[in-house]
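Okay, so here's the structure we're looking at.
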Amino acid sequence: MTHVSPVCATPTEIEFELVGNLARSRGTTVESASPQDLYQALALTVRDHLVDRYIRTTEAHYAANPRFVYYLSAEYLLGRQLGQNLLYTGTADVARSALEALGVDPADVAALDIEPGLGNGGLGRLAACLLDALATHDIPAVGYGIRYDFGIFKQAFQEGAQHERPDDWAYYGNPWEFPAPDDQQRVGFYGSTEPGEGGRGTWTPGEVVLGEPSHMLVPGYGTGTVNIVRLWRARAARESFDLSLFSAGQYGEAVEAIVREEKISKVLYPDDSTELGRELRLKQQYFLVACSLRDIIRRYRLRNDGWDAFADKVVIQLNDTHPVIAIPELMRILVDEEGLEWSKAWSITQRVFAYTCHTLLPEALETWPVWLLRRLLPRHLEIIFLINHLFLQQVERLHPGEPERLRLLSIIEEGGEQRVRMAHLAVIGSFAVNGVAALHSRLLTETTLRAFADVLPHHFHNVTNGISPRRFLLVANPGLTRLVSQRLGGSEWLRDLDRLAELESAVGDPDFRAKWQAVKRRNRQELAQYALTATGVSLDPDALCDVMIKRFHEYKRQVLRVLHVIVLYHRIKRGDLAGVVPRSIVFGGKAAPGYHAAKRVMRLANVVAGVVNADPDVAPYLKVAFLPDYNVTRAELIIPAADLSEQISMAGKEASGTSNMKLALNGALTIGTLDGANVEIRDRVGAENFFLFGLDAADAAALRAGPYNPRSYYEQDYELKAAIDAITGGPFAFDGGDILVGDLLGYDEYLTLADFRSYTDCQDEVARVWRDQDEWTRRAILNVARSGFFSSDRTIRDYCRDIWRAVPVPPKEA
């Protein structure tokens, strides 16, 4: 891998380029420029430095004609681009000097940087981390997604309840993207089909939408490679505007077709609680894959003829079930449009696709009603039925007389409403299926996809997720990055995270521990300043920073965290301080707009925070801050400050998690169950450096399957009973609290009450260790030193070796 030195530009040169971009792109001068003008001009200046590398990258790829990795994902949480790209181009210091020479505060410009609203949670952040690692390791790759006009939503709280507002993230434009309106793809929906011979058919769509691409640059760190993420935006055909209706004063009717066609890329994950919402989601998914496959084929044909080499030059990774409709779409292209025999087309398809499954929850494995596919994508449904028929014939030959096996394996779910099981289609149509943590991958083959593991055992792999050390240390935690670089003699470890193991020798160095504690305290101070501005809550920078940041979902058990806060409140109020240390408890996360159970937990957290923060008796020991609108930018502030990482999902439910990795890499100790990647984190950092509690996956499944009585735990544990009673008739009562408590006492699907006492006792151990700051710091340093495995660079190496068979193609240096 070629190491590329930082750009050798002077502040004067950057100043000259910035002023030039102000004039050419914004039509203004420094003296009359607005803050937005200055931000846009700086972004374009930095982008120009990346473009030179991108050109060399494309030249190298064209010359080598390599195997490309194409990553299809409904989400990308890229985070702010300016800070990262300044660091990746080596222009951060000179740009700061150039701005200051112009009389501009760099912080004011950086504050205007946008966070692209292209994702929701861990799925999208993982995709971004993998793209970063692909470029850093010179792997030819393109990410494909949708260029949503509005992100998931902006979160605000009113009386503790979540309220969603539109995330118009590109209102002022996005200087990091390159629109290509002349490179559109046509995407069909609805219509009719006519059968042909040999599995062929003809589809005449009833509606056509245009997919307009733009791309953003994805630079690697310490290398010349710059890949791209290509994003599709729905555009109506020119003839969709009805001028005659407009002239007649029927303005709404005149643009009705445009609104209908362009809504496909308006919002990430439209609410699917209605029939129209479900149809729009399926439209989004097909729009993404139809545009992307056309583009992949176009790129393939730049250097290749025919189809014999397609599976050798192309591997398409399906990030969850959202893009799985790509499998019948490629078959439709190969069979109906290109005239290939079905068997040859199917052989190509199966050798091209690989599928990442991100869940163990059966309800999260996407299915679509047959009637909806028949209406929206009639030809694809025919192809799915034929794929299913041929596959079940093959299974029947190998396992004759086993109708139950056929039922379990069928793509079509029978009984009641017929539905297409997209995960089944993904497994059958792919050459590899991977889970995202060792436990998750094992449970996939033992539970969720067991029927397929029995007949296709060689399909299944594990690739444990990883995170970008550049984003979550270099960008997010510069203080810790500098300290580590000083100890390791340079910054090369940011491309080889295994070198963090060298920090183990620093554990016994009191001077290093003191510097570590100083870095952590500065980070807590920065978080406290933000929390005060955002919420009015004053956090103590010397208190234990106890963090739970993740999407709100019942299985993640934020409610367990809140119950423990109530326990601490009660202990402090009655003067029982044996297990109490000063704590700043920080929540962050969003709940899906229609997920009312999760939103009730969120409301409870805010109600508890209001009571706790207003009580002067409790103030010296406990503060609770729920930071609104959690995103990558908030994560970059919270994670470096964290001392304790809450990873408390019910064992057997979390696929992997990546917040656990980010927090461990920044020196937070984990309190958690043996769930997802927690298992591997504990194995690597050492059991003595991990606060373990609760049932394991097997015991949780057994308890859930048996006669579980959550009320018995409530009746036998006075602290639990007092906490729950305080929600229904005490200081933490709120509208909806009785429903929340009723669910816990009546069913408790995720065994919150069963794990409560173990969790509370474990939190007492956390407090005991925190009192010994030297011991806590030793454990924190070891967490970082032993977290190198969780780099996205290692994840990409595993994918390239075990699944993709992709090799580096470094560009030539300038």
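With the numbering used here applied, the sequence shown corresponds to residues 2 to 815, in that order. All residues carry an ideal CB built from backbone N, CA and C; glycine is no exception. The model shown is predicted, which means the values in this text are computed figures rather than measured ones.
Only residues of its own chain outside the window of five on either side were considered, and among them R406, L409, L410 have a CB closer than 8 Å to the CB of A452, listed in chain order. Counting along the chain, the unbroken alpha helix (DSSP H) around K521 starts and ends at 511-536.
Apart from the 5 residues on each side of it in sequence, R279 sits with its Cβ closer than 6 Å to the Cβ of D273 in its chain, given in chain order.
In the DSSP annotation of this structure, N661 is not part of any beta strand (DSSP E); the continuous alpha helix (DSSP H) holding it starts and ends at 660-666. When the five nearest sequence neighbours on each side are left out, the beta carbons in the same chain lying within less than 7 Å of the beta carbon of E178 are those of S215, H216, M217, in order along the chain. Taking a C-beta distance under 7 Å as the contact criterion, L638 and Y531 qualify as a contact pair.
W347 and H554 have their C-alpha atoms roughly 38 Å apart. Contact check for R558 and T753: beta-carbon distance about 6 Å, within the 8 Å limit, so the pair qualifies.
L498 and S788 have their alpha carbons spaced roughly 8 Å apart.
Per DSSP, C546 is not a residue of any alpha helix (DSSP H); the beta strand (DSSP E) it occupies stretches across 545-550. Around the beta carbon of I153, 16 or more other beta carbons sit within 10 angstroms, so the residue counts as buried. Here Y72 has G144, Q318 as same chain residues with Cβ atoms under 6 Å from its own Cβ, once five neighbours each way along the sequence are excluded.
Restricting attention to R282, V268, I328, P141, the CA atom closest to the CA of I229 is found in P141.
Between V47 and L83 a beta carbon distance of about 7 Å is seen, short of the 8 Å cut, so the two are scored as contacting. Secondary structure remark: continuous beta strand (DSSP E) runs of at least 3 residues inside the segment 163-221, in chain order: 178-180, 186-190, 193-196, 202-205, 208-220. Of the residues P458, A592, D183, L561, the one whose Cα lies closest to the Cα of E750 is L561. Between the beta-carbon of L281 and that of A238 there is about 19 Å, and that puts the pair past the 8 Å contact cut. Of the candidates E254, E403, H425, H425 places its Cα closest to the Cα of I328. A519 counts as exposed, since fewer than 16 other beta carbons sit within 10 angstroms of its beta carbon. Between the alpha carbons of V767 and K574 lies a distance of about 20 Å. When DSSP states are grouped into helix, strand and coil, T226 belongs to the coil group. The DSSP-derived three-state label of F151 is strand. DSSP, reduced to helix, strand and coil, places A238 outside both helices and strands of the structure shown, so it counts as coil.
DSSP lists N463 as the beta-bridge partner residues of G436. When the alpha-carbon of D697 is set against those of T674, S344, P180, A544, the nearest one is in T674. Per DSSP, Y622 lies in no beta strand (DSSP E) segment and is marked neither H nor E. If you compare the alpha carbons of D510, E208, D313 with that of L377, the shortest gap goes to E208. Note on W369: 16 or more other CB atoms within 10 angstroms of its CB, so buried under the neighbour-count rule. Between R68 and K314, the gap from beta carbon to beta carbon is short of 7 Å.
For P470, the number of other beta carbons within 10 angstroms of its own is at least 16, and it is reported as buried. Annotation: the continuous alpha helix (DSSP H) that includes W343 extends over 343-353. DSSP lists L319, V434 as the beta-bridge partner residues of Y356. Exposed is the label assigned to N710, since fewer than 16 other Cβ atoms lie within 10 Å of its Cβ.
According to DSSP, L232 shares a beta bridge with G146, S215. Per the coordinates, the alpha-carbon of Q156 lies some 10 Å from the alpha-carbon of G589. Secondary structure note for L693: its beta strand (DSSP E) is the uninterrupted segment 691-693.
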